[in-house]
Amino acid sequence: MNSLHEQIGTRPRQNRRATAEPAWLKGTLIAILFLFVAFFLILPMSTVFLEAFSKGTGVILDTFRDDATLKAIELTLIVAAIAVPLNTIFGLAAAWSIAQFRFPGRNLLLILIDLPLWVSPVIGGLIYVLLFGRQGWLGPWLSDHNIKIIFALPGIVLGTTFVTFPFVARNLIPLMETQGKAEEEAALSLGAHGWQVFWRVTLPKVKWALIYGVILCNARAMGEFGAVSVVSGHIRGQTNTMPLHVEILYNEYHFAAAFAVAALLSVLAVITLGIKTLVEWRAARQQLASQEIPPSL
Amino acid sequence: MSISIKSVSKTFGKFAALRDIGFDIQRGELLALLGPSGSGKTTLLRIIAGLEFPDDGPSVIEFDGNDVTGLSAYRRKAGFVFQHYALFQHMNVFDNIAFGLQVRPAKLRPGKEQIRERVESLLELVQLGQFINRYPSQLSGGQRQRVALARALATEPQVLLLDEPFGALDAKVRRELCVWLRKFHDETHITSLFVTHDQDEAFQLADRVVILGEGRVRQIGSPDEVKRHPKDDFVRHFLGLSEELHPGAWV
Numbered sequence: 000m001n002s003l004h005e006q007i008g009t010r011p012r013q014n015r016r017a018t019a020e021p022a023w024l025k026g027t028l029i030a031i032l033f034l035f036v037a038f039f040l041i042l043p044m045s046t047v048f049l050e051a052f053s054k055g056t057g058v059i060l061d062t063f064r065d066d067a068t069l070k071a072i073e074l075t076l077i078v079a080a081i082a083v084p085l086n087t088i089f090g091l092a093a094a095w096s097i098a099q100f101r102f103p104g105r106n107l108l109l110i111l112i113d114l115p116l117w118v119s120p121v122i123g124g125l126i127y128v129l130l131f132g133r134q135g136w137l138g139p140w141l142s143d144h145n146i147k148i149i150f151a152l153p154g155i156v157l158g159t160t161f162v163t164f165p166f167v168a169r170n171l172i173p174l175m176e177t178q179g180k181a182e183e184e185a186a187l188s189l190g191a192h193g194w195q196v197f198w199r200v201t202l203p204k205v206k207w208a209l210i211y212g213v214i215l216c217n218a219r220a221m222g223e224f225g226a227v228s229v230v231s232g233h234i235r236g237q238t239n240t241m242p243l244h245v246e247i248l249y250n251e252y253h254f255a256a257a258f259a260v261a262a263l264l265s266v267l268a269v270i271t272l273g274i275k276t277l278v279e280w281r282a283a284r285q286q287l288a289s290q291e292i293p294p295s296l
Numbered sequence: 000m001s002i003s004i005k006s007v008s009k010t011f012g013k014f015a016a017l018r019d020i021g022f023d024i025q026r027g028e029l030l031a032l033l034g035p036s037g038s039g040k041t042t043l044l045r046i047i048a049g050l051e052f053p054d055d056g057p058s059v060i061e062f063d064g065n066d067v068t069g070l071s072a073y074r075r076k077a078g079f080v081f082q083h084y085a086l087f088q089h090m091n092v093f094d095n096i097a098f099g100l101q102v103r104p105a106k107l108r109p110g111k112e113q114i115r116e117r118v119e120s121l122l123e124l125v126q127l128g129q130f131i132n133r134y135p136s137q138l139s140g141g142q143r144q145r146v147a148l149a150r151a152l153a154t155e156p157q158v159l160l161l162d163e164p165f166g167a168l169d170a171k172v173r174r175e176l177c178v179w180l181r182k183f184h185d186e187t188h189i190t191s192l193f194v195t196h197d198q199d200e201a202f203q204l205a206d207r208v209v210i211l212g213e214g215r216v217r218q219i220g221s222p223d224e225v226k227r228h229p230k231d232d233f234v235r236h237f238l239g240l241s242e243e244l245h246p247g248a249w250v
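Put into C-alpha cells, the structure is as follows:
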C-alpha cells in the first residue's frame with residue numbers, strides 16, 4: 000500500500016492510472032476509516048480491559064478463583080469441543096456432496112445451510128425449547144425416560160451447533176465447486192479407492208479453507224450468547240457459559256468481575272484472530288512458494 | 000490388452016451423447032478417436048476408463064474378453080491422461096508420479112527404494128529428471144503433460160487413454176510430444192487410445208482412426224483408408240474433403 004501511495008505522489012500527473020483517486024480524497028477516506036474502527040472497535044475493546052483492571056488485580060484473581068466462573072469457562076470449552084468437531088464433519092460432508100453431485104434439493108440444501116445466519120440466534124435456541132422442552136413436542140417422552148436436554152449440556156451444545164452450523168460448509172463449498180473433480184478422477188484412475196481419494200487428494204486441496212472455517216466456527220461457538228441463553232436456563236455453576244456468566248455478573252453489579260470474564264473472552268478472540276492471521280499468512284506463503292520458480296521449457 | 004466396445008449408449012438427461020457404439024481395439028494398437036466437439040469422443044473415453052458409466056441395457060465394455068462394464072475406475076486401472084492434466088497441485092512431481100504405487104494395499108506396494116527408482120526411470124523416460132521436486136504450478140504446459148503421462152504409466156497399466164493430449168499446447172511442443180508419443184508407443188506397444196479433434200494429429204499418430212459424429216461411429220479405418228475413401232458426407236465434410244473430391248463443384 001505504501002509503495003502505491005508513493006507512486007501516486009511522485010509520478011508525473013499524466014502517468015497516473017485512470018482509476019487512481021486524488022491524494023487528498025484517498026487520505027480523507029483512510030482517515031475516516033481509521034476513526035471509525037477506533038471508535039467502534041478499539042475504544043470498546045480497550046474499555047473492557049480497563050474496566051476489568053479498574054478495581055485492581057485482586058478482583059480479577061478472585062473472579063477466576065470463583066467456582067461459578069471456573070465452571071462457566073469449563074462449560075464453554077466443553078461445548079466448543081463438541082460443537083466444533085460436529086460442524087467440521089458436517090461441513091466437510093455437506094460441502095463435498097454439494098460440490099461433487101447434482102441432485103434434487105441441492106439448492107434447497109444450500110439455502111438451508113445458510114439459515115442459521117439469517118435467523119436470530121434466539122430463535123435457534125427457541126426451536127430446541129419447543130422441540131425438547133417440558134412443554135415441547137418430545138418433552139413428555141424425554142422426561143419419561145429421564146433425558147434432560149433443555150437447561151442442560153445437550154441443549155447448549157444443540158444451540159451452539161445450530162448457530163455455528165454454516166461456517167465450515169460455507170467456507171468450503173465455493174472452493175470445492177471451483178476446484179472441480181478432475182484430480183479426484185485422476186486419483187481413481189490410478190487405483191485409489193474412495194477414502195484414499197478423500198484423505199490424499201480432496202482434504203489437502205481444501206486444507207487451509209477448512210482450518211479457517213474451523214477457527215471461525217470455534218470463535219463463534221465460544222462467544223455465542225443468544226441461542227445458549229434460551230436453552231441454558233442460566234443455572235449458575237451448571238449451565239452458564241462464559242458469555243452468560245458475563246451478563247449475570249454485570250446484572251448483579253459485579254462490574255469489575257464481569258469485565259474480567261469479558262476480557263478473558265476477548266483474549267480468546269484475539270488468540271483466534273492471531274491463529275487465523277497465521278493460517279492466512281502460511282496459506283499465502285505456500286501459494287507463493289509453489290509459484291516462485293518461473294516456468295520454463 | 001485388447002478392448003471390446005459393444006453397443007454402448009449414453010444419455011445425459013434427454014441428450015444422447017453416444018448411440019450404439021461398437022468397435023474393437025487390438026492389443027498393442029494406437030487408436031485415435033476423432034470427431035468434432037460434441038461428438039461424444041471424450042464421453043466414450045471416460046466410459047472405457049470407468050469414470051462414466053454407459054446406459055443400462057446392452058452396453059458392454061470388455062478388457063481382454065472380461066466384462067468390466069460395472070467396474071469402477073479404480074478397479075479398471077486404465078492409465079488416463081486428462082485434457083488439463085489434473086496433476087495433484089499440492090504434491091510435487093515425485094509424489095504425483097508415485098501416487099498410483101503408494102495407494103496400493105501394503106501387500107502389493109513396492110518398497111520405498113523401488114518406488115523411487117521407478118519414478119526416476121519414468122522421469123528419465125519423459126526427460127524431466129531435474130524437475131522431481133517441483134510443483135505442478137512451477138512447470139510449463141508441455142512439462143505438465145509429460146508428468147501426467149509419467150504418472151499414468153507408473154502403475155504399468157495395460158491400456159493408456161489420453162483425452163486431447165496435445166490440445167492445450169503450443170504448436171512446437173505439440174509436434175515434439177506427438178513424435179515422442181509415437182516413438183514411445185513403438186517401443187512399448189501399450190494399447191493406447193487418444194481423443195482428438197485435430198485430424199492431422201490423428202492421421203500422423205494413429206494406426207487406425209475412429210471417426211465419431213453426433214454420438215455415432217461414422218467410419219473406422221487406417222488413416223489412408225479414411226482419407227482416400229471417406230464413407231459418407233459427414234466424414235467428407237468433417238475432413239474438409241468435399242472440394243477435393245468434386246474439384247469442379249464450385250466453379
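Line by line, the protein sequences give chains R and V.
First residue of the first sequence: 0, per numbering that gives the first Met the number 0; consecutive thereafter.
First residue of the second sequence: 0, per numbering that gives the first Met the number 0; consecutive thereafter.
Even glycine gets a Cβ: it sits at the ideal position worked out from N, Cα and C.
With DSSP as the reference, label V:I219 as helix, strand or coil. Looking up residue 219 of chain V in the second sequence gives position 220. V:I219 falls in the strand class under three-state DSSP.
Just to confirm the assignment, what range does the beta strand (DSSP E) spanning V:L168 have? The residue you call residue 168 of chain V lines up with position 169 of the second sequence. Taken as a continuous stretch (DSSP letters only), V:L168 belongs to no beta strand (DSSP E), as it is neither H nor E.
V:L192 and V:I47 - do their beta-carbons sit closer together than 8 Å? Against the second sequence, residue 47 of chain V aligns to sequence position 48. Against the second sequence, residue 192 of chain V aligns to sequence position 193. The answer is yes: Cβ separation under 8 Å.
Check for me: the beta strand (DSSP E) holding V:A85 runs from which residue to which? Mapped onto the second sequence, residue 85 of chain V falls at position 86. Counting along the chain, V:A85 falls outside any beta strand (DSSP E), and DSSP gives it neither H nor E.
Any contact between the region 209-219 of chain R and the region 112-124 of chain V? By contact I mean 3 or more CB pairs, one from each, below 8 Å. Contact between the region 209-219 of chain R and the region 112-124 of chain V is not established, with fewer than three Cβ pairs separated by less than 8 Å.
Closer than 7 Å by C-beta to V:D54: which residues in its own chain qualify, once you throw out the five before and the five after it? Chain order, please. On the second sequence, residue 54 of chain V is found 55 positions in, with the first residue counted as 1. Cβ neighbours of V:D54 beyond the five flanking positions: S8, K9 and T10.
Going by DSSP, what residue range makes up the alpha helix (DSSP H) through V:L17? Taking the second sequence and counting its residues from 1, one reaches residue 17 of chain V at position 18. Here V:L17 belongs to no alpha helix (DSSP H); instead the beta strand (DSSP E) covers F14 to I24.
Do V:P222 and V:F202 have their beta-carbon atoms positioned less than 8 Å apart in this structure? For the purposes of this step, residue 202 of chain V is taken as the residue at position 203 of the second sequence. For the purposes of this step, residue 222 of chain V is taken as the residue at position 223 of the second sequence. Yes, the Cβ-Cβ distance between V:F202 and V:P222 is below 8 Å.
Where the beta strand (DSSP E) containing V:V102 begins and where it ends: In the second sequence, residue 102 of chain V corresponds to position 103, counting from 1. Element bounds for V:V102: n/a, residue is neither H nor E.
Considering only the alpha carbon of each residue, which of V:K111, V:V146 and V:S139 lies closest to V:G128? If you number the second sequence from 1, residue 128 of chain V lands on position 129. With distances taken between Cα atoms, V:G128 lies closest to V:V146.
Can you give me the Cβ contacts of V:L86 inside the same chain, cut-off strictly under 7 Å, excluding the 5 residues immediately before and after it? Walking along the second sequence from the start, residue 86 of chain V turns up at place 87. Only N95, P135, R143, V146 and A147 meet the Cβ criterion.
Would you list, in sequence order, the uninterrupted alpha helix (DSSP H) runs of no fewer than 4 residues that lie entirely inside the region 159-206 of chain R? At a cut-off of 4 residues, the continuous stretches assigned as alpha helix (DSSP H) that sit fully inside the region 159-206 of chain R are 165-178, 181-188 and 193-196.
Nonlocal neighbours in the same chain, by C-beta distance under 7 Å from V:R18, ignoring five residues either side: Translated into the one-based positions of the second sequence, residue 18 of chain V becomes position 19. Cβ within range, chain order: S8, G214 and R215.
Among R:R219, R:V230 and R:E182, which has the Cα closest to the Cα of R:L202? On the first sequence, residue 202 of chain R is found 203 positions in, with the first residue counted as 1. It is R:E182.
What does V:A48 touch in chain R if you count any residue whose Cβ is under 8 Å from its own? Taking the first residue of the second sequence as 1, we reach residue 48 of chain V at position 49. Taking the beta carbon of V:A48 as reference, the chain R residues within 8 Å of it are S188, listed in sequence order.
Below 9 Å between beta carbons is the criterion; list the residues of the region 101-115 of chain V that meet it against any residue of chain R, in chain order. Of all residues in the region 101-115 of chain V, the ones placed with a Cβ closer than 9 Å to any Cβ belonging to chain R are Q101, V102 and R103, in chain order.
Residues within the region 186-210 of chain R neighbouring chain V, beta-carbon criterion of under 9 Å: A186, L187, S188, L189, G190, A191, H192, G193, Q195, V196, R199, V200, P203, K204 and K206
DSSP three-state label for V:L127, please. Within the second sequence, the letter at position 128 stands for residue 127 of chain V. Coil, per DSSP.
I want to see whether chain R comes within less than 8 Å of V:K76, judged by CB atoms only; does it? Counting from one through the second sequence, the residue named residue 76 of chain V turns up at place 77. Cβ-Cβ to chain R under 8 Å: yes for V:K76.
Out of V:V208, V:V158, V:A167 and V:K182, point me to the one whose CA is closest to V:I189's CA. Position 190 of the second sequence, counting from 1, holds the residue named residue 189 of chain V. Nearest C-alpha to V:I189: V:V158.
In chain R, what lies closer than 8 Å to V:T10 by C-beta? Position 11 of the second sequence, counting from 1, holds the residue named residue 10 of chain V. Per Cβ cutoff of 8 Å: no residues; V:T10 is ~15 Å from chain R at best.
CB-CB length for V:Q82 against V:E200, believed under 8 Å: Within the second sequence, the letter at position 83 stands for residue 82 of chain V. Within the second sequence, the letter at position 201 stands for residue 200 of chain V. With 8 Å as the limit, V:Q82 and V:E200 do not qualify as a contact, their Cβ atoms being about 14 Å apart.
Listed from N- to C-terminal order along the chain, which residues in the region 164-189 of chain R have their beta-carbon within a distance smaller than 8 Å of any beta-carbon of chain V? A181, E182, E184, A185, A186, L187, S188 and L189
So R:A37 packs on R:A94, CB below 8 Å; how close in whole Å? Counting from 1 along the first sequence, the entry for residue 37 of chain R is found at position 38. Counting from 1 along the first sequence, the entry for residue 94 of chain R is found at position 95. Between R:A37 and R:A94, the beta carbon gap of about 37 Å keeps them out of contact (Cβ cut-off 8 Å).
So, with DSSP's three-state summary, where would you put R:V78? The residue labelled residue 78 of chain R in the question sits at position 79 within the first sequence. DSSP places R:V78 in the helix class (H, G or I) of the three-state scheme.
Suppose you measure from the CA of V:S6 to the CA of V:L152; what does that come to, to the nearest Å? Translated into positions along the second sequence, residue 6 of chain V becomes position 7. Translated into positions along the second sequence, residue 152 of chain V becomes position 153. Those two C-alpha atoms are separated by around 29 Å.
Use the C-beta contact count for V:H228: other C-beta atoms within 10 angstroms, 16 or more gives buried, fewer gives exposed. Within the second sequence, residue 228 of chain V is the residue found at index 229, counting from 1. With fewer than 16 neighbouring CB atoms inside 10 Å of its own CB, V:H228 falls in the exposed class.
Under 7 Å between beta-carbons, which chain R residues line up against V:G99? List them in chain order, please. Translated into positions along the second sequence, residue 99 of chain V becomes position 100. Result: L189 and G190.
Taking Cβ to Cβ, would you say R:A151 is nearer than 8 Å to R:T46? One-based indexing of the first sequence puts residue 151 of chain R at position 152. One-based indexing of the first sequence puts residue 46 of chain R at position 47. Against a cut-off of 8 Å, the Cβ pair of R:T46 and R:A151 comes out as no contact.
Give the DSSP-derived three-state secondary structure of V:S8 in the structure shown. Your numbering for residue 8 of chain V matches position 9 in the second sequence. Reduced to three states, the DSSP call for V:S8 is strand.
Is the number of C-beta pairs between the region 88-105 of chain R and the region 143-150 of chain R that are closer than 8 Å three or more? no
At 7 Å on the CB atoms, spell out the chain R contacts of V:A15, in chain order. Translated into the one-based positions of the second sequence, residue 15 of chain V becomes position 16. Within 7 Å Cβ-Cβ: nothing; V:A15 doesn't reach chain R, min ~19 Å.
Tell me the residue span of the alpha helix (DSSP H) that contains V:E51. For the purposes of this step, residue 51 of chain V is taken as residue 52 along the second sequence, with counting starting at 1. Careful: V:E51 lies outside any alpha helix (DSSP H) and carries neither H nor E.
Euclidean distance between Cα positions of V:K13 and R:W117: To locate residue 13 of chain V, count along the second sequence from 1; it is residue 14. To locate residue 117 of chain R, count along the first sequence from 1; it is residue 118. Rounded to whole angstroms, V:K13 to R:W117 spans 38 Å at the Cα level.
Cα-Cα separation, R:I81 to R:V156: By 1-based counting over the first sequence, the position of residue 81 of chain R is 82. By 1-based counting over the first sequence, the position of residue 156 of chain R is 157. Rounded to whole angstroms, R:I81 to R:V156 spans 7 Å at the Cα level.
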